[in-house]
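Using mature numbering (1 follows the signal peptide of the UniProt record, and there is no 0), the letters of the sequence shown correspond one by one to residues -21 to -1, 1 to 284. Note that beta-carbon positions come from the ideal geometry of N, C-alpha and C, so glycine has one too. Keep in mind it's a predicted model, so treat the numbers as computed, not measured.
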Amino acid sequence: MKINNHLFLLFVLFSISNINAQESFFSALKKQENKRYTSYYNIYEDGGKIFASTYHKTHRAMPLEYEGIPTGIQFFDKEKGEDKEKERGKKIEFTSPGSYRLAGYPNTRMLHFVRGNTGIVVIGNYIFELKGVNEDATNFRKIDHMYLANLDNNGKKIKGISKKTAMADNPYKLVRDYLVAMKKIEDEYTLTKSDEADLALMNLAQEAYEKKVQGDFEEFKKIKAEQKRLMSGTIVTLKNTSSEKIWIGSESTHISPDFVLSGSTIEWDCDDDAYIYQKSSSGDFHSKRKVYSANSGCGKTISIN
């Protein structure tokens, strides 16, 4: 009985660690930028096994950004026999027609097409296009397409990643477990002021897009002005009021911090602490001193020395 209890405990701990290790849509996508994907369609289950048909083309997938905020995905395709990849239609972001949303932002789990009940999910080496997505983006009816990052940047196959291993992973269970785990993370996460400002910017951008399409240019200009006003609240301006050049960086800076000349300024994410670093004769940075605390001066200019 004790052995069974211990096994159960290990199972629970393993499950929790898996949930905590889940990556967001854009974090996972960013890691695969230098790989190529093979695409599969008609992913279905038969007799307890998963099957899929293969397209004879490869893809590269890149994250899209709006004002520095990751918001979408861009595919570049290469047909069999072609020398160069081409940008073909697959460009999906929150301003695309049909009201896409970033489900779970900033721990985004899905690019969710609300009106069409479809969505895109990125998990490790996989990108999935889903149909029949439910309202809170935690379940779906069908995997319409699957993209597998099984090729390096030159199109050479990567060992250990294949259609066979993908089918063995049971894509349906993989995606459903991921969506549930990421929804839990969303429920337990508290939005920062910066998160709220980013969401407001994205909502305005989507509204502006719709007004532009409708030809309501006066309303479009008003929305763009409001976007500009909101953006000023996501940064803080740090001004060097000392008589010398200083180096500014975050607490986790692993490369050279930014230098700021005397009397000059630098724009800084308002929800990130800022530190002045000392530079040794050998060129190393050390002895950091905090000069700005996160969320204490959003939209303002702060003097530092």
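According to DSSP, simplified to helix, strand and coil, what is Phe55? Position 76 of the sequence shown, counted from the start, is the residue given in the question as residue 55. The three-state reading of DSSP puts Phe55 in strand, counting E and B together.
Rounded C-beta distance between Ile225 and Val239? I'm assuming under 8 Å. In the sequence shown, residue 225 corresponds to position 246, counting from 1. In the sequence shown, residue 239 corresponds to position 260, counting from 1. About 5 Å separates the Cβ atoms of Ile225 and Val239, confirming a contact at the 8 Å cut-off.
Here's a check: name, in chain order, each residue in its chain whose Cβ is nearer than 6 Å to the Cβ of Thr244, leaving out the five neighbours to either side. Taking the first residue of the sequence shown as 1, we reach residue 244 at position 265. Here the set comprises Thr216, Lys218.
Just to confirm, is the Cβ distance from Asp237 to Ala273 under 8 Å? For this step, residue 237 is matched to residue 258 along the sequence shown. For this step, residue 273 is matched to residue 294 along the sequence shown. The answer is no: Cβ separation not under 8 Å.
Just how far apart, CA to CA, sit Asp141 and Lys279? Position 162 of the sequence shown holds residue 141. Position 300 of the sequence shown holds residue 279. The question names Asp, but residue 141 is Ser in the sequence shown. Those two C-alpha atoms are separated by around 52 Å.
Identified DSSP bridge partners for Phe107: In the sequence shown, residue 107 corresponds to position 128, counting from 1. Looking at the DSSP assignment, Phe107 forms a beta bridge with Val100, Met125.
Going by DSSP in three states, Val93 sits in which element: helix, strand or coil? The residue you call residue 93 lines up with position 114 of the sequence shown. The answer is coil: DSSP assigns Val93 none of H, G, I, E or B.
Report all residues from its chain with a CB closer than 7 Å to the CB of Gly134; omit the five preceding and five following residues, and keep chain order. Numbered from its first residue, the sequence shown carries residue 134 at position 155. The answer, listed in chain order, is Arg15, Thr37.
Exposed or buried, Tyr23, counting other C-beta atoms within 10 Å across all chains shown (16 or more means buried)? Your numbering for residue 23 matches position 44 in the sequence shown. Result: exposed.
Below 8 Å between beta carbons: does that hold for Ile99 and Met181? For this step, residue 99 is matched to residue 120 along the sequence shown. For this step, residue 181 is matched to residue 202 along the sequence shown. For Ile99 and Met181, no; Cβs fall outside 8 Å.
Cα-Cα separation between Ile71 and Lys269, rounded to whole angstroms: Here residue 71 is taken as the residue at index 92 of the sequence shown, counted from 1. Here residue 269 is taken as the residue at index 290 of the sequence shown, counted from 1. One C-alpha to the other measures close to 40 Å.
Buried or exposed by the 16-neighbour rule on C-beta atoms within 10 Å, applied to Gln1: On the sequence shown, position 22 is the one that residue 1 refers to. Classification for Gln1: buried.
Nearest-angstrom Cα distance between Asn13 and Asn132? As a working mapping, residue 13 is identified with position 34 in the sequence shown. As a working mapping, residue 132 is identified with position 153 in the sequence shown. Whole-angstrom Cα-Cα distance: 5 Å.
In whole angstroms, what separates the C-alpha of Leu130 from that of Lys121? As a working mapping, residue 130 is identified with position 151 in the sequence shown. As a working mapping, residue 121 is identified with position 142 in the sequence shown. Those two C-alpha atoms are separated by around 25 Å.
Terminal residues of the continuous beta strand (DSSP E) containing Ile245? Taking the first residue of the sequence shown as 1, we reach residue 245 at position 266. First-last of the beta strand (DSSP E) with Ile245: 244 to 248.
Take Leu8 and list the residues in its own chain whose beta-carbon comes closer than 6 Å to its own, dropping the five residues that flank it on each side. Within the sequence shown, the letter at position 29 stands for residue 8. Result list for Leu8: Pro42, Val101, in chain order.
Pairwise C-alpha distance: Ala31 and Glu46: The residue given as residue 46 occupies position 67 in the sequence shown. The residue given as residue 31 occupies position 52 in the sequence shown. If I take the Cα positions, the gap works out to 38 Å.
Can you give me the start and stop residues for the alpha helix (DSSP H) that Asp148 sits inside? Stepping through the sequence shown from its first residue, residue 148 is reached at position 169. Careful: Asp148 lies outside any alpha helix (DSSP H) and carries neither H nor E.
Length of the line joining the Cα atoms of Met125 and Ser282: Along the sequence shown, one-based indexing puts residue 125 at 146. Along the sequence shown, one-based indexing puts residue 282 at 303. Each residue's alpha carbon lies about 51 Å from the other.
Cα-Cα separation, Tyr19 to Asn149: Reading the sequence shown from its first residue, position 40 is the one you call residue 19. Reading the sequence shown from its first residue, position 170 is the one you call residue 149. Going from the Cα of Tyr19 to the Cα of Asn149 covers about 14 Å.
Can you find the residues in the same chain that come closer than 7 Å, C-beta to C-beta, to Val112, ignoring five residues on each side of it along the sequence? Taking the first residue of the sequence shown as 1, we reach residue 112 at position 133. Excluding sequence neighbours, Val112 sits near His91, Asn96, Thr97, Gly98, Phe119.
Using three-state DSSP, classify Arg120 as helix, strand or coil. Counting from one through the sequence shown, the residue named residue 120 turns up at place 141. Three-state result, Arg120: coil.
DSSP state of Ile48, grouped into three classes? The residue you call residue 48 lines up with position 69 of the sequence shown. Strand at Ile48.
Determine the burial state of Leu127: buried for a count of at least 16 other Cβ atoms within 10 Å of its Cβ, exposed for fewer. Residue mapping note: residue 127 aligns to position 148 of the sequence shown, counting from 1. Its Cβ being crowded by 16 or more others within 10 Å, Leu127 is buried.
If you compare alpha carbons, which of Tyr271, Ser6, Thr17, Tyr256 is closest to Lys136? Position 157 of the sequence shown, counted from the first residue, corresponds to residue 136. Cα-wise, what sits closest to Lys136 is Thr17.
What distance in whole Å lies between the Cβ atoms of Ser241 and Glu230, which are believed to be in contact at a cut-off of 8 Å? Taking the first residue of the sequence shown as position 1, residue 230 is located at position 251. Taking the first residue of the sequence shown as position 1, residue 241 is located at position 262. The beta carbons of Glu230 and Ser241 sit about 24 Å from each other, so the pair does not count as a contact at 8 Å.
Quick one: what does DSSP say Phe1 is sitting in, helix, strand or coil? Along the sequence shown, one-based indexing puts residue 1 at 22. The displayed chain sequence assigns Gln, not Phe, to residue 1. In the structure shown, Gln1 falls within a coil segment according to DSSP collapsed to helix, strand and coil.
Return the CA-CA distance between Tyr84 and Lys28, expressed in angstroms with no decimal places. Against the sequence shown, residue 84 aligns to sequence position 105. Against the sequence shown, residue 28 aligns to sequence position 49. Their Cα atoms are separated by approximately 33 Å.
Of the residues Val159, Arg94, Asp263, Gly276, the one placed nearest Ala253, counting alpha carbons only: The sequence position of residue 253 within the sequence shown is 274, counting from 1. Taking only the C-alpha atoms, the option nearest Ala253 is Gly276.
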